[in-house]
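Participant:
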Amino acid sequence: MTLQPTLSKRWAVPFFTLWGGQALSLLGSRVAGFALVWWLTEQTGSAVVLSTMTLMFFLPQILLGPFAGALIDRWDRRWVMLVADSTTALASALLAVLFWTDSLQVWHIYTTSFIGSLAGAFHFAAMMASTSLMVPEHQLTRVQGANQMLQGLMTIAAPPVGALLVGFLPFAAIMGLDVVTALFAVVPLLLIAIPRPQGSAEREQVAGATPAAIWRDVRSGFRYIWEWPGLLLTTLLALVINMVATPLGALLPILVSVDFEAGALQLGWIELTLGAGMLAGGILLGVWGGFRKKALIFPIGVFGFAFASFLIAVSPQLALWVAMLAMGIFGIVSSLLNGT
123 MTLQPTLSKR WAVPFFTLWG GQALSLLGSR VAGFALVWWL TEQTGSAVVL
173 STMTLMFFLP QILLGPFAGA LIDRWDRRWV MLVADSTTAL ASALLAVLFW
223 TDSLQVWHIY TTSFIGSLAG AFHFAAMMAS TSLMVPEHQL TRVQGANQML
273 QGLMTIAAPP VGALLVGFLP FAAIMGLDVV TALFAVVPLL LIAIPRPQGS
323 AEREQVAGAT PAAIWRDVRS GFRYIWEWPG LLLTTLLALV INMVATPLGA
373 LLPILVSVDF EAGALQLGWI ELTLGAGMLA GGILLGVWGG FRKKALIFPI
423 GVFGFAFASF LIAVSPQLAL WVAMLAMGIF GIVSSLLNGT
């Protein structure tokens, strides 16, 4: 009877030390990202510039996302996260220096966004793989629930915190804070060992660390999706919804600054409602459990996204709270779709 608590402590202390450091780093990155978006909005007021930054952020994930998992299976996950976190910190440090010397250009933000997204794609895959090695199987569901809660809380907390800091601190200081929070992620990785796959599985990974083997793994993943009609349809619907929703998110700063003639604080409140909606949707799904026929959620989700998009379109003629309501609906629907 006393063995289980001992085992629980053994995995919980190192894992949640690592997890907490990553959470602080994520908060710093979200706040810094908010500040950069607002700086671009103030300096350029260009929808093209904001859309290009969004493209620079998502492009590495789109192009390398399918390969990241296959590569992570063959690499030391601890070192992958160390390199990724260190790269992100260096990019933020560079931006801090450029802000401080008043020499920042738009292309600098494009470049660092691309590099940060590239590092993030590998970091996410490594963290997910490490979780399954550090956490007992019977605790994985709870940890995944904690991860979902963390994402919702970050989406709620980061925008208003970013808006407040933009009002009180220079942009160089905000980038410096991102570097400091990144250290909370790097230091635990230097001290905590992450288990590696043992025995035959590890030998197969080493033997299969060739471009041909990696491509074979990626193709098998695509083939698995293609041969499962339900999963293929779900993937295509998610692709369409993301293609519609992403430009809306990228252009929110223009909506706030031009149409509502408001500032960073109002943008923070609008983005906060998105996080609140995501959190509410997750709680609703946890209590309700969803439809027995999972496919029913997709037409409801499409209608929800369409209705929220309509509210965003008409909000400049109505009021700021209409845009906030629309983002809340986006958050709820997104959480329901991702959880189903």
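For what it's worth, the numbering used here labels the leading residue of the sequence shown as 123, then goes sequentially. Using N, Cα and C, we set each Cβ at its ideal position, and we do this for glycine too. Just so you know, these numbers come straight off a predicted model, no measurement behind them.
(1) Would a C-beta distance cut-off of 8 Å place residue 151 and residue 210 closer than the cut-off?
(2) Okay, do the region 300 to 320 and the region 189 to 208 touch, 3+ Cβ pairs below 8 Å being the bar?
(3) For the alpha helix (DSSP H) containing residue 436, list its first residue and its last residue.
(4) Of all the options 370, 160, 442, 399, which has the alpha carbon lying nearest to the alpha carbon of residue 228?
(5) Could you tell me whether the Cβ atoms of residue 389 and residue 375 are closer together than 8 Å?
(6) For a test of the three-state rule: what should DSSP assign to residue 258, helix, strand or coil?
(7) Under the assumption that residue 289 contacts residue 400 (Cβ atoms under 8 Å), give the Cβ distance between them as a whole number of angstroms.
(8) Quick one: residues in its chain with C-beta nearer than 8 Å to the C-beta of residue 357, no 5 flanking neighbours on either side, listed in chain order?
(9) Between the alpha carbons of residue 372 and residue 173, how many angstroms are there, rounded?
(10) In chain order, what residues of the same chain have a beta carbon less than 7 Å from the beta carbon of residue 386, not counting five sequence neighbours either side?
(11) DSSP three-state call for residue 168: helix, strand or coil?
(12) Straight-line CA distance for residue 370 to residue 427?
(13) Near residue 125, which residues of its chain fall below 7 Å by C-beta distance, leaving aside the five closest residues on each side in sequence?
(14) Determine the closest residue to residue 261 out of 430, 137, 452, with distance taken between C-alpha atoms.
(15) Leaving aside the five residues before and after residue 226 along the sequence, list all residues of the same chain whose C-beta is less than 6 Å from its C-beta, in chain order.
(16) How far does the alpha helix (DSSP H) with residue 296 in it reach, from first residue to last?
Facilitator: Considering the structure as presented:
(1) yes
(2) yes
(3) 419 to 436
(4) 160
(5) yes
(6) coil
(7) Wrong, their Cβ atoms sit about 25 Å apart, outside the cutoff.
(8) 347
(9) 6 Å
(10) 160, 285, 288, 289
(11) coil
(12) 11 Å
(13) Confidence at residue 125 is low in this model, with a pLDDT of 39, below 50, so the placement of that residue is unreliable and no value is reported for it.
(14) 137
(15) 220
(16) 293 to 313
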